[in-house]
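In my numbering, the protein residues as written are 5 to 277.
The structure is reproduced here in structure tokens:
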């Protein structure tokens, strides 16, 4: 009888040990699974996000214009004239048009214009003062208002790890992928994309990468350049075949609150085609 009690006690002890080992293994598996979803912790910093992520005194202005469907031709003619007027004042304004697009897939009847200001916000203030005292510019603005449904302006900084913007020639399409991030996660985004961008340069598709300073905050815009939609498909599939790309995506997805993409075609007067 005593021997039976001892055997039962040993069996119970072994069962508890198995349960403990099983629970430990289950916790480890769970932690391993969660670690794939959670991004790495970033320590607090006294540096501003813009100083850590962008190393240039260059501000980009992204103008988004929603055009009346029956007025696209008149609108584009008006903006082309506006660009020519600003180019005449280029030396004094310290700004230039980088690219101009109309949306082909996504928010239809929409145009986007990307301007570059060299010299920081001081140059933006000077340019605004100059243009708002120019009767011809004001007249063009007043005329353009008849062709618009709404408009939006964002001031952006370029990510320091992104390749330098190079104007393209030939026949191209562009894709703008826009992300709204959870506040406080911009540094994490930058840390991950500083590695991820290395997987997206084989076909020279990386055109520009920005984060917002004024306007809609915690906004990121990645702009890619392709020869066609088929070229886009093949380029993106090639990235997924690169070891490490999937890990970068896994770390950045939890940071995103909203995202959308637009396929863009350069306007006739766009410096980058």
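Glycine is no exception: its CB is placed at the ideal position from the N, C-alpha and C atoms.
Exercise for the section: Give every residue of the same chain whose Cβ lies closer than 6 angstroms to the Cβ of residue 148, excluding the five residues on either side of it in the sequence, and list them in chain order. Expected result: Mapped onto the chain shown, residue 148 falls at position 144. Cβ within range, chain order: 82.
Exercise for the section: Output the distance between the C-alpha atoms of residue 166 and residue 90, rounded to the nearest integer angstrom. Expected result: Here residue 166 corresponds to residue number 162 of the chain shown, with the count starting at 1. Here residue 90 corresponds to residue number 86 of the chain shown, with the count starting at 1. Roughly 28 angstroms between the two C-alpha positions.
Problem - residue 259 beta carbon less than 8 angstroms from that of residue 192 - result: Here residue 192 refers to the residue found at position 188 of the chain shown. Here residue 259 refers to the residue found at position 255 of the chain shown. Going by C-beta atoms, residue 192 is nearer than 8 angstroms to residue 259.
Problem - Buried versus exposed, by CB contacts within 10 Å (16 or more), residue 92 - result: Position 88 of the chain shown, counted from the start, is the residue given in the question as residue 92. It counts as exposed.
Practice task
Determine the burial state of residue 245: buried for a count of at least 16 other Cβ atoms within 10 Å of its Cβ, exposed for fewer.
Solution key: On the chain shown, position 241 is the one that residue 245 refers to. By the 10 Å Cβ count, residue 245 comes out exposed.
Problem - Extent of the continuous beta strand (DSSP E) run through residue 152 - result: For the purposes of this step, residue 152 is identified with residue 148 of the chain shown, where counting begins at 1. Taken as a continuous stretch (DSSP letters only), the beta strand (DSSP E) holding residue 152 covers 152-162.
Exercise for the section: Return the CA-CA distance between residue 57 and residue 241, expressed in angstroms with no decimal places. Expected result: One-based indexing of the chain shown puts residue 57 at position 53. One-based indexing of the chain shown puts residue 241 at position 237. Their Cα atoms are separated by approximately 28 angstroms.
Practice task
Closer than 6 angstroms by C-beta to residue 29: which residues in its own chain qualify, once you throw out the five before and the five after it? Chain order, please.
Solution key: On the chain shown, residue 29 is found 25 positions in, with the first residue counted as 1. Below a pLDDT of 50, predicted positions are generally treated as unreliable, and residue 29, at 45, falls in that range; no measurement from the model is reported.
Exercise for the section: Sort 121, 181, 156 by Cα distance to residue 95 and report the nearest one. Expected result: Counted from its first residue, the chain shown places residue 95 at position 91. Comparing Cα-Cα distances from residue 95 to each of 121, 181, 156, the minimum goes to 121.
Handout entry: Closest Cα partner of residue 248 within the set 67, 140, 200
Key = Taking the first residue of the chain shown as 1, we reach residue 248 at position 244. Cα-wise, what sits closest to residue 248 is 200.
Practice task
Would you mind giving the Cβ-Cβ distance between residue 67 and residue 160, rounded to the nearest angstrom? I have them listed as a contact below 8 angstroms.
Solution key: Along the chain shown, one-based indexing puts residue 67 at 63. Along the chain shown, one-based indexing puts residue 160 at 156. Actually they are not in contact, since the Cβ atoms of residue 67 and residue 160 sit about 11 angstroms apart, beyond 8 angstroms.
Handout entry: Spatial distance of residue 204 from residue 237 (CA atoms)
Key = The residue you call residue 204 lines up with position 200 of the chain shown. The residue you call residue 237 lines up with position 233 of the chain shown. Distance between the alpha carbons of residue 204 and residue 237 is about 13 angstroms.
Practice task
Count the other CB atoms, across all protein chains shown, that sit within 10 Å of the CB of residue 196; report buried if there are 16 or more and exposed otherwise.
Solution key: Sequence index remark: in the chain shown, residue 196 carries index 192 (1-based). With 16 or more other Cβ atoms inside 10 Å of its own Cβ, residue 196 counts as buried.
Practice task
Excluding the 5 residues preceding and the 5 following residue 181 in the sequence, name in chain order all residues of the same chain whose CB lies nearer than 6 angstroms to its CB.
Solution key: Within the chain shown, numbered from 1, the residue matching residue 181 stands at position 177. Here the set comprises 226, 265.
Handout entry: Sheet register partners of residue 214 (DSSP bridge)
Key = As a first step, residue 214 must be located in the chain shown, where it is residue number 210. Residue 214 pairs with 162, 225.
Problem - Distance, residue 132 Cα to residue 60 Cα - result: The residue given as residue 60 occupies position 56 in the chain shown. The residue given as residue 132 occupies position 128 in the chain shown. For the pair residue 60 and residue 132, the Cα-to-Cα distance works out to about 21 angstroms.
Practice task
Can you check the segment 99-127 for any beta strand (DSSP E) of at least 3 residues that lies completely inside it and give the ranges in chain order?
Solution key: Whole beta strand (DSSP E) segments, 3+ residues: 99-109, 114-122.
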